[in-house]
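These protein sequence lines map, in sequence, to chains L and A. All letters in the first sequence, in the order written, are residues 1 to 218 by full-length UniProt numbering. All letters in the second sequence, in the order written, are residues 1 to 218 by full-length UniProt numbering. From the three backbone atoms N, C-alpha and C, an ideal C-beta is built for every residue, glycine too.
Number of protein chains: 2
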Amino acid sequence: MRTGTSQRDDQRQTAQQRRKELLEAADRVVLRDGPEASMNAIAAEAGITKPILYRHFGDKGGLYRALAKRHTDALLASLRAALDAPADDRRQRVEATLDTYLAAIEARPQVYRFLMHPADHGQQEPEQSFDVGHHSAPLLRRLGEELATVIAERVELGPGGDEVARVWGHGIVGMMHAAGDWWLRDRPCARGQLVHHLTDLLWGRLSLADDRVGAPGF
Amino acid sequence: MRTGTSQRDDQRQTAQQRRKELLEAADRVVLRDGPEASMNAIAAEAGITKPILYRHFGDKGGLYRALAKRHTDALLASLRAALDAPADDRRQRVEATLDTYLAAIEARPQVYRFLMHPADHGQQEPEQSFDVGHHSAPLLRRLGEELATVIAERVELGPGGDEVARVWGHGIVGMMHAAGDWWLRDRPCARGQLVHHLTDLLWGRLSLADDRVGAPGF
DNA sequence: ACGTGCTTGTTACCTGCGGTAACAGCAGTC
DNA sequence: GACTGCTGTTACCGCAGGTAACAAGCACGT
């Protein structure tokens, strides 16, 4: 015999557990087959059939969003740690954060690919039926907003600083992302080199360099 | 009656023309319905049926790549023009280029969305079946490479400058893209403001700002 | 003991997509 | 007139996402 609500609690608990198991199975499949993995394949990996997946996650977008959230949270946590770690100066802090991101995508490129691939994942809000934008991976937006608040909190930017911080947050994240994506594919140099060059860019080295002789001005 | 090769020439000409018409129809549909437009819908818009599309473009990826190429070329040309326009100094040149890009995505957000949406478009090379990366829109890579060569050609970066230029090219393009994407959606400020803030970032203002009082260091 | 309610699981189906035969008509060429 | 090469069609395949409709197990109230 059991106390009043214990059955529902138990059910809810096992439901949560089931959900976790399903997510892990989905994870395995997605990491093996890429983001185009079919619901059938995922269900088979979990040892069940499609409708159960749909009962738990609504639709494919729901599943993928749940999946993405876990990885996003993990990545975000490690980035925050890098951002909060003791550092001698700002440049060192920025380098550490960039390096943490790049190390993460280097270590688990398939996770990275899944997170960045905006292919559907559903998630469109019903507002403005045709929309615009909606392209950027949710991860990128989240990272941008996150960095924006950190900058706004910690850096003195004068009046209108919040707006500047938001622009910079999204801009820096985009820089990191695009450079990382390109680097991951072409591997033109060591990670440390990439970090160094990017930080140089943020530190204004472009504005300090001379024009090349014989070239049209830049 | 016609001269020797005139028939083939004629056919080729009308085929090219047909292709152009089909592309224009596809353009209309994609801009109306978004990148998920079905081949049936496109065929219907063109007043024909599916197999003809497939004869002309092979598969959906082929059609989309042909479509993307036109818009990409156009955007690239206008960016090159901005980059080559007379300017007083480097900062002005960078601002003009950023502004040109942002004006373009502001003016035709649906085109922009289509170009950036990496959702398939086919185009995967047969190499490395599961790959990695492959996410970034072709447009972004192309812009990054393009900017890289311009920087390498025109800016004196010392030994290893080519590597630096490539990193910067992709980094700057990524910054522009992410900030533009966010701005296009949220419209937090005027275009000129965004350009100004981004250029400040590239000019190293982040490295010059003070820590905020009472905040952990940054 | 018996039905009730809830969850888990199934099979079997619908719709719509990308993609592909297979065939019909209609130039111009030999 | 037969042949070729194009444009166009209808009708289909396979597979994806998604959804009934129904069966079984388990804890409850009576």
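query	result
With 16 as the cutoff for other CB atoms within 10 Å, does H121 (chain L) come out buried or exposed?	At H121 (chain L) the pLDDT is 49, less than 50, meaning the model places this residue with poor confidence and gives no usable figure here.
In its own chain, which residues sit with a C-beta less than 7 Å from the C-beta of L157 (chain L), not counting the 5 before and 5 after it?	V164, A165
Report yes or no: is there a C-beta of chain A within less than 8 Å of the C-beta of G58 (chain L)?	no
Using a beta-carbon distance below 8 Å, is E21 (chain L) in contact with chain A?	no
Could you tell me whether the Cβ of H170 (chain A) comes closer than 8 Å to any Cβ of chain L?	yes
Do you know offhand how far D211 (chain L)'s Cα is from V155 (chain A)'s?	5 Å
Pairing CB atoms from the stretch 195-211 of chain A with CB atoms from the stretch 167-177 of chain L, are three or more of them under 8 Å?	yes
Look up E156 (chain A) in the DSSP assignment and give the residues it is bridged to.	L:D210
Excluding the five sequence neighbours on either side, which residues of its own chain have a C-beta within less than 6 Å of the C-beta of A190 (chain A), listed in chain order?	none
Rounded to the nearest angstrom, how far is the Cβ of L98 (chain L) from that of E146 (chain L), given a contact under 8 Å?	With 8 Å as the limit, L98 (chain L) and E146 (chain L) do not qualify as a contact, their Cβ atoms being about 15 Å apart.
Taking 8 Å as the threshold (C-beta atoms), are E153 (chain L) and A103 (chain A) in contact?	no
Output the distance between the C-alpha atoms of S38 (chain L) and R108 (chain L), rounded to the nearest integer angstrom.	21 Å
Within 8 Å (strictly less), CB to CB, does A215 (chain L) reach chain A?	yes
Using C-beta distances below 8 Å, list every residue in its chain close to Q123 (chain L), excluding the 5 sequence neighbours before and after it, in chain order.	Legend: pLDDT at Q123 (chain L) = 43, less than 50; position of this residue unreliable, value from coordinates given subsequently. Closer than 8 Å at Cβ, skipping near neighbours: G61, R65, P138.
Take the Cβ of I52 (chain L) as the centre, count every other Cβ of all protein chains shown within 10 Å, and call the residue buried at 16 or more, exposed below.	exposed
Name, please, each residue of chain A whose Cβ falls closer than 7 Å to the Cβ of E156 (chain L).	A209, D210, D211, R212
Between R18 (chain L) and F57 (chain L), what straight-line distance do the alpha-carbon atoms span, to the nearest angstrom?	12 Å
Following the continuous alpha helix (DSSP H) through R65 (chain A), name the residue where it begins and the one where it ends.	60-84
Helix, strand or coil: which one does DSSP assign to I52 (chain L)?	helix
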